[in-house]
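See structure below.
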Ligand SMILES: *[C@@H]1O[C@H](CO)[C@@H](O)[C@H](O)[C@H]1NC(C)=O
Ligand SMILES: *[C@@H]1O[C@H](CO)[C@@H](O)[C@H](O)[C@H]1NC(C)=O
Ligand SMILES: *[C@@H]1O[C@H](CO)[C@@H](O)[C@H](O)[C@H]1NC(C)=O
Ligand SMILES: *[C@@H]1O[C@H](CO)[C@@H](O)[C@H](O)[C@H]1NC(C)=O
Ligand SMILES: *[C@@H]1O[C@H](CO)[C@@H](O)[C@H](O)[C@H]1NC(C)=O
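In mature numbering (1 follows the signal peptide of the UniProt record, and there is no 0), the protein residues as written are -20 to -1, 1 to 435.
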């Protein structure tokens, strides 16, 4: 049961008690009054009396809280209240009030109204009285949304203040207006505070919507894959703002990521790179930060190497070696030939024109950025031997027998002369095979003379 409900029940019981006394009754408008320290308290009551009573029949009216020797002590004579108490009745004599200004916590007590009647020696006291609680707690502005564009600010104390409480509103620290509530448009960044008129209490803390938040990165904007990174959204707002994080997507709408002021990446990945913003929101409005760019750096992966047109090269041909890898910032590329110290080329594509046997061998491409380096190897070989063999076959087929014989002899002589040394190391295995094959066909038939090959 809440204190006020309890107060009401007690009050109803007390009414019955007083009503039983010749129809006299004291009715308090509020039985529980709460006041902020330093404020002004207004307590009132009305008197019900039997018929035939005139205003002068109600005498010696006063308010009290203490009794001395069984007699109530008039508040006006109590030094603790001196200069702070006003009471009286309106002209009809039935509506009476008590005003205590600059209330103190020590004023918390039960206040009762008492008077004498037209019957000699007869006194009435409205009991139970009005319980006053004085609290030290400050005022608070509360925000309620009226509609999509308007807010209503109201001033609240931790206790229920008397009906007469009137508030003074301040905007950005300056007097704005008086009233029990204040309409304000949504999204306002002005600061509003309230003050209880007539009190010597404090102004409430100001409420205001968030300023445009700023985003910071910790430990620094230079980050490597795997680092722990924290983004922090900060703004000034009262009541405290809540936060929403967004990542600017390439195609989709901004994505909700977190509702904390901090967005934490315990191990940041290259896929976390992008533009981030945060929104700060409280009851008064919302504001969005600028985008902050997150660029996660990483060293090159092992590069992939491709050859165009083919790794088996004809002499005189040209070839493109292409190296590529993923890195941030983008890697640069250097081409080396095995066992050579100085690079053959730099750049992603290495073009070899007019290919010769000396070009065959192992190449490696090295991709490098400030984070690191990585390499891959590629083998280039010549294929001119195989091409020559086909040429020979074609020559045989298109030549007459006589010429064939002569050609044969010349060819055998030429091959024997040439073989075994070769200036093209990569071609050598192919040439040697050719010589051996030719010899094995001719040798059984004789060592010299005109011999027809087995056609
Ligand atoms: C981040 O923003 C910058 C400029 O503000 C833009 O150039 C860049 O493309 C954005 N990055 C992403 C991933 O959207
Ligand atoms: C943030 O605060 C606003 C205003 O108080 C509220 O409407 C909204 O639901 C809150 N958002 C979250 C995610 O808590
Ligand atoms: C090599 O690359 C260049 C351009 O980079 C191109 O013009 C050329 O046709 C390529 N050659 C081969 C054999 O792919
Ligand atoms: C490649 O990048 C590294 C690191 O950024 C730098 O030290 C080097 O000089 C660059 N090499 C070339 C050929 O640009
Ligand atoms: C190529 O990379 C490997 C490691 O991936 C390294 O051991 C090697 O020394 C590198 N080769 C050159 C020539 O830099």
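We treat Cβ as the ideally placed atom computed from N, Cα and C, and that holds for glycine.
What number of angstroms, rounded off, separates the C-alpha of residue i from the C-alpha of residue j?
i, j, result
"residue 418", "residue 360", "A caution first: residue 418 carries a pLDDT of 29, below 50, which makes its placement in the model too unreliable to give a value."
"residue -8", "residue 79", "Residue placement at residue -8 cannot be trusted, given a pLDDT of 36 that sits under 50; what the coordinates show is reported in the next sentence. Rounded to whole angstroms, residue -8 to residue 79 spans 26 angstroms at the Cα level."
"residue 296", "residue 318", "21 angstroms"
"residue -17", "residue 13", "With a pLDDT of only 37 at residue -17, under 50, the local geometry of the prediction cannot be trusted, and the value read off the model is given with reservation. So the alpha carbons of these two residues sit roughly 9 angstroms apart."
"residue 73", "residue 161", "34 angstroms"
"residue 341", "residue 313", "19 angstroms"
"residue 310", "residue 267", "36 angstroms"
"residue 215", "residue 238", "16 angstroms"
"residue 125", "residue 263", "8 angstroms"
"residue 218", "residue 48", "50 angstroms"
"residue 228", "residue 303", "32 angstroms"
"residue 202", "residue 208", "11 angstroms"
"residue 332", "residue 288", "11 angstroms"
"residue 70", "residue 95", "15 angstroms"
"residue 33", "residue 66", "25 angstroms"
"residue 257", "residue 77", "59 angstroms"
"residue 22", "residue 196", "53 angstroms"
"residue 315", "residue 224", "48 angstroms"
"residue 158", "residue 177", "9 angstroms"
"residue 11", "residue 87", "15 angstroms"
"residue 106", "residue 260", "55 angstroms"
"residue 242", "residue 308", "25 angstroms"
"residue 188", "residue 85", "31 angstroms"
"residue 354", "residue 200", "26 angstroms"
"residue 276", "residue 137", "51 angstroms"
"residue 412", "residue 349", "Confidence at residue 412 is low in this model, with a pLDDT of 32, below 50, so its placement is unreliable and no value can be given for it."
Which residue from the options puts its Cα closest to that of residue i?
i, options, result
"residue 170", "176, 149, 310", "149"
"residue 338", "327, 331, 362, 356", "362"
"residue 357", "286, 109, 331", "286"
"residue 131", "18, 222, 165", "165"
"residue 24", "18, 261, 9", "9"
"residue 347", "320, 305, 136, 260", "305"
"residue 104", "93, 135, 281", "93"
"residue 249", "278, 271, 243", "278"
"residue 154", "108, 175, 146, 135", "175"
"residue 190", "43, 173, 222, 204", "222"
"residue 300", "329, 325, 89", "329"
"residue 253", "240, 272, 173", "272"
"residue 251", "206, 327, 291, 292", "206"
Please confirm whether any heavy atom of ligand 3 lies closer than 7 angstroms to the CB of residue i.
i, result
"residue 332", "no"
"residue 448", "No answer is possible for residue 448: the residues shown for the chain start at -20 and end at 435."
"residue 288", "yes"
"residue 248", "no"
"residue 304", "no"
"residue 361", "no"
"residue 308", "no"
"residue 300", "yes"
Could you please give me the residues that DSSP links to residue i through a beta bridge?
i, result
"residue 271", "BP columns for residue 271 are empty, so no partner."
"residue 440", "Absent from the structure is residue 440, since the part of the chain shown begins at -20 and ends at 435."
"residue 197", "211"
"residue 245", "209"
"residue 122", "134"
"residue 183", "DSSP lists no partner for residue 183."
"residue 348", "312, 353"
Sorry if obvious, but does the Cβ on residue i come closer than 7 angstroms to a heavy atom of ligand 4?
i, result
"residue 314", "yes"
"residue 348", "yes"
"residue 322", "no"
"residue 326", "yes"
How about residue i: is its Cβ closer than 7 angstroms to a heavy atom in ligand 1?
i, result
"residue 273", "yes"
"residue 255", "yes"
"residue 263", "no"
"residue 228", "yes"
Can you find a C-beta in chain B that's less than 8 angstroms from the C-beta of residue i?
i, result
"residue 331", "Here there is only one protein chain, and chain B is not present."
Worksheet entry | Chain-ordered residues, beta carbon under 7 angstroms from a heavy atom of ligand 5 | My final list is 282, 316, 344, 346, 354, 355.
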